[in-house]
Amino acid sequence: MDVSSAQYSGHVTTNEKKKLFYWLVEASSDAESKPLLLWLNGGPSASTIGYGAFQEIGPFQILLDGKLFKRQFAWNIGNFVSATLCVLNLD
Numbered sequence: 016m017d018v019s020s021a022q023y024s025g026h027v028t029t030n031e032k033k034k035l036f037y038w039l040v041e042a043s044s045d046a047e048s049k050p051l052l053l054w055l056n057g058g059p060s061a062s063t064i065g066y067g068a069f070q071e072i073g074p075f076q077i078l079l080d081g082k083l084f085k086r087q088f089a090w091n092i093g094n095f096v097s098a099t100l101c102v103l104n105l106d
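For the sequence shown, the positions run 16 to 106 when the working numbering is used.
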């Protein structure tokens, strides 16, 4: 599957017992000059990765049958609604 942009993920240690997971999806073109959007879902059990990235704004969606679907429009690609951005999902 063509991902059309660089992506990075990992953990940021906040203290010796806690870490935050991140997933950075760069803009599909000229990423160095694009703004960075930090995406945080709110509320109990509202995962930024599981819901925000895969159901709301990310370049991919997980379908009901478990397959990965590449969206035609996503914030890292740009479309008629949004500018092209680099998106940092933080959980």
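Where a beta carbon is used, it is the ideal one built from N, C-alpha and C, also for glycine.
DSSP-derived helix/strand/coil call for residue i
i          : result
residue 29 : strand
residue 77 : strand
residue 69 : helix
residue 44 : coil
Between the CA atoms of residue j and residue i - distance to the nearest angstrom
i           : j          : result
residue 76  : residue 30 : 32 Å
residue 102 : residue 26 : 16 Å
residue 79  : residue 62 : 18 Å
C-beta contact flag for residue i and residue j at 8 Å
i          : j           : result
residue 91 : residue 74  : yes
residue 50 : residue 100 : yes
residue 36 : residue 72  : no
residue 24 : residue 43  : no
is_contact[residue i, chain B] using C-beta, thresh 8 Å
i          : result
residue 69 : Here there is only one protein chain, and chain B is not present.
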